[in-house]
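S.K.: Residue numbers (the working numbering), protein chains in the order written: chain A, 10 to 260; chain B, 114 to 417. Ideal Cβ positions, reconstructed from N, Cα and C, are used throughout, including at glycine. Keep in mind that this is a model prediction, so the values were computed, not measured.
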Amino acid sequence: MVNLALAWAERYRQIHPEVRISVTGGGSGTGLAALINGTVDIANASRKIKPEELKAASDQGNKPVELVVARDAIAVIVNLENPVDQLTLQQLADIYSGKINNWNEVGGDNRPIVRLSRETNSGTHVYFLETVVRLGQTNNKTLFSPDTLLLPSSEGISAEIRDNPNAIGYDGLGYVTSDMKVIAVAKDPDSPFILPSAQTVNNGEYPIARDLYMYTGNEPTGAIKNYLDWILTSEAQGIVTKLGFVPIKTQ
Amino acid sequence: MKITAKQGSKLNWSEFMITRLIVASGYSAILFVGLIFFFLLREGLPALWQVPLNSLLSSRWYPTEGHFAILPLLEGSIIVTLGAAFIAIPFGLGTAIFIAEVAPRWTREALKPLVEMLAGLPSVVLGFLGMMILAPFFRRFFDLPTGLTAFTGSLLLGGIAIPTIVSIAEDALDAVPRSYREAALAMGATQWQTIWKVTLPAARSGVLTAIMLGIGRTIGETMTVKMVTGNAPVLFKGLSSWFSPVRTMTATIAAEMGEVAKGSVHYEVLFLIGIILFLISMIVNVTASTMVFRQGKRSERILS
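1. Can you pull the chain A residues whose beta carbon is under 8 Å from the beta carbon of B:M340, in chain order?
2. Once you ignore the five residues that flank A:A66 on each side, which residues in its own chain have a CB closer than 6 Å to its CB?
3. When you compare only the Cα positions, how much space is there between B:G240 and A:K64?
4. Where does B:A263 fall in DSSP's three states?
5. Would you mind working out which of A:D156, A:R56 and A:I248 sits nearest B:L348, comparing C-alpha positions?
6. Just to make sure I have the definition right: I need the residues of chain A whose C-beta is within less than 9 Å of the C-beta of B:V347. Which are they?
7. What residues of chain B sit near A:V123, judged by a beta carbon separation below 7 Å?
8. Who does B:V359 pair with in a DSSP beta bridge?
9. For the beta strand (DSSP E) containing A:Q95, list its first residue and its last residue.
10. When Cβ atoms are compared, which residues of the segment 100-120 of chain A fall closer than 9 Å to chain B?
11. Interface residues of chain A around B:A368 at Cβ under 7 Å?
12. Can you round the beta-carbon distance between A:T129 and A:L159 to whole angstroms, since I take them to be within the 8 Å contact cut?
13. Which partner residues of A:I51 appear in the DSSP bridge assignment?
14. Between A:D172 and chain B, is there a C-beta pair that is closer than 8 Å?
15. I need the straight-line Cα distance from B:A367 to B:P290, nearest angstrom please.
16. On the three-state DSSP scale, how would you describe A:P161?
17. Suppose you measure from the CA of B:E334 to the CA of A:A207; what does that come to, to the nearest Å?
18. Please identify, using Cβ separations under 9 Å, the residues of the segment 161-192 of chain B that lie next to chain A, in order along the chain.
19. Hey, A:R80 and A:V191 are a contact pair by Cβ (cut 8 Å); roughly how many whole angstroms apart?
20. Let me know if B:A288 comes out buried or exposed under the rule of 16 or more other beta-carbons within 10 Å of its beta-carbon.
21. A:I217 bridges to which residues according to DSSP?
22. Can you give the Cα-Cα distance for B:I191 and A:I170, rounded to whole angstroms?
23. Beta-carbon of B:E372 versus every beta-carbon of chain A: anything under 8 Å?
24. For A:P60, which of A:L41, A:V78 and A:V210 has the nearest alpha-carbon?
25. Could you name the residues of chain A that B:G343 contacts, counting a contact when the two beta carbons are closer than 7 Å?
26. Within the same chain, show all residues whose beta-carbon is closer than 8 Å to that of B:R155, passing over the 5 residues directly before and after it, in chain order.
27. Please confirm whether A:L152 has its beta-carbon closer than 8 Å to some beta-carbon of chain B.
28. Determine, using beta carbons only, whether B:V338 and B:G266 come nearer to each other than 8 Å.
29. So, is the C-beta of A:N175 closer than 8 Å to a C-beta in chain B?
30. A:E90 CB to nearest chain B CB: under 8 Å?
31. So is B:W174 buried or exposed if we call it buried at 16+ other beta carbons inside 10 Å?
32. So, at 8 Å on beta carbons, what are the nonlocal neighbours of B:F251 in its own chain, with the 5 sequence-adjacent residues on each side left out?
33. Starting from B:L249, find everything on chain A with Cβ-Cβ shorter than 7 Å and list it in chain order.
34. What residues from chain B crowd round A:A168, counting only those whose CB sits closer than 9 Å?
The following block contains the structure:
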């Protein structure tokens, strides 16, 4: 999310040279801790603030205010020739952990499954591991199957998906192009299969998506309020799309 | 050239400086290699205390979850490099012999610069070609699950090593005195016998250097393998491993060093991999120079 925050700050500086915004990375916990200690005005976070963090803030006399600024959705993609259209989260977990190894086990052709992933240090990899491979269970220690291909770039994944009917991959919704097939995903076998789109992500139906937040120590005022208002404009949300995230307003 | 005493004082001074400069640059190479090795040791050796040896030699590389098995990465590098050597040595030597001994003059003059131009191709360009053209082709041709395999990497690395081998081996063959060939032909040897029994043995030390430098290039090559080998850290499972994805040591360092916290176990293990790479290329070089030394003496005996 730090890329997004940086891109916003950079653009805003061009429009309002009198405002100085400095952005530091380090993870959601770092940002929120700094907010609680009062060293920053805005904390960017890719998760909701925890109850204990809220309590720590109120002990300091602050009342953090939450604003959803963008969304992050991960699309599961396959080759256009692959007849499989939909998978449940459980099936995806079994594919990526190495329990399912042939497409015919999930209603496809008799073909081996080639699993593609981003490198282990990419945020997308970690999020996919926690949400899909471990099904969101914190005590689940399942890992990606060792034969998962770890590709260094989104382009590497796209190229292999376009060419190889055996492959399955995932990437930010913004990187998906029309020459690959997006899989509809269901939370559990009884739920409907949902394709990712700005709409299904925004109404919470698509399961592999999360909100991205900005927290302020108290009700924002002055320059901070102007900045947060600007972030919800179509110009700032256009940057969201450009970076492969989902804007919060459907145009 | 002799310098007379009268001109001497000024010339001697500049000569003195130049000699010292050359000596200094010679020793600085040793100093730099020593410093690099010292730095690698300092950053990488602590990993041996942090991670027990049997987990370094286990099968799982998943550093963000605390699995630090180097074995699959080591095997990946070895598979890809051996494959590249298998491809590059016969083709490289063949091309060098053709250019130096067989080809007519105009072909030689066109081929040599072309091969040397090949050496200047950036490896990222080769990697891109491999990813877009070679990998899809091999997937269809061999009916593999995916074309991003050790074999694809070997082939491209072979392509990277061939120009080095051709260029140096051709120079070595070219340096063999004409009289050797003429003598062999005069004694009734065919052209092939002359090449195989006389020219090639006479140029042996240069040819071996060519092969070792070629292999040295393939071990250290990073960008191409990272793009075409699929980077899956799996253990060696026999010949089929050559046609499956592998993850090499160089690709691992390149992919992970940028995002790792300095001083963490993961950081130290990446440096430990660097030490292993350093040792491997040192072994290759030392083997090459001892072989060249020994054979130099023998061929001198035969040919003098």
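M.R.: Walking through what the data contain:
1. Within 8 Å Cβ-Cβ: P161 and G165.
2. The residues are I45 and P73.
3. Looking at the backbone, the Cα of B:G240 and that of A:K64 are separated by about 53 Å.
4. In this structure, B:A263 counts as helix in the three-state DSSP scheme.
5. Comparing alpha carbon positions, the residue from A:D156, A:R56 and A:I248 closest to B:L348 is A:D156.
6. The contacting residues are P155 and D156.
7. Under the 7 Å cutoff, chain B gives P258 and T259.
8. The partner list for B:V359 (beta bridge, DSSP) reads B:G343.
9. It spans Q95 to T97 - the beta strand (DSSP E) in which A:Q95 sits, taken as one unbroken run.
10. Correct list: R120.
11. Near B:A368 (Cβ distances below 7 Å), the residues of chain A are E128 and P161.
12. So it is a contact: roughly 7 Å between Cβ atoms.
13. DSSP lists A:T225 as partners of A:I51.
14. Any Cβ of chain B closer than 8 Å to the Cβ of A:D172 would place that residue at the interface, and such an atom is present.
15. Using only the alpha carbons, I get a separation of about 45 Å.
16. Secondary structure at A:P161: coil, using DSSP grouped into helix, strand and coil.
17. The C-alpha of B:E334 lies about 42 Å from the C-alpha of A:A207.
18. Listed by position along the chain: S172, R173, W174, Y175, P176, T177, E178, H180 and P185.
19. So it is not a contact: roughly 16 Å between Cβ atoms.
20. By the neighbour-count rule (16 or more Cβ atoms within 10 Å), B:A288 is not buried but exposed.
21. For A:I217, which the question treats as bridged, DSSP gives no partner whatsoever.
22. Whole-angstrom Cα-Cα distance: 28 Å.
23. Chain A contact via Cβ: present.
24. Closest by alpha carbon: A:L41.
25. The contact set of B:G343 on chain A, defined by CB atoms closer than 7 Å, consists of L158 in chain order.
26. Same-chain partners within the cutoff: there are none.
27. Yes, contact with chain B.
28. Closer than 8 Å, so yes.
29. Cβ-Cβ to chain B under 8 Å: yes for A:N175.
30. The Cβ of A:E90 sits no closer than 8 Å to any Cβ of chain B.
31. It counts as buried.
32. These residues qualify, in order along the chain: L257, G260, T262, F264 and T265.
33. The sequence given here places Pro at residue 249 of chain B; Leu does not occur at that position. Per Cβ cutoff of 7 Å: D172.
34. Contact of A:A168 with chain B by beta-carbon distance below 9 Å involves M244, M245, A248 and P249.
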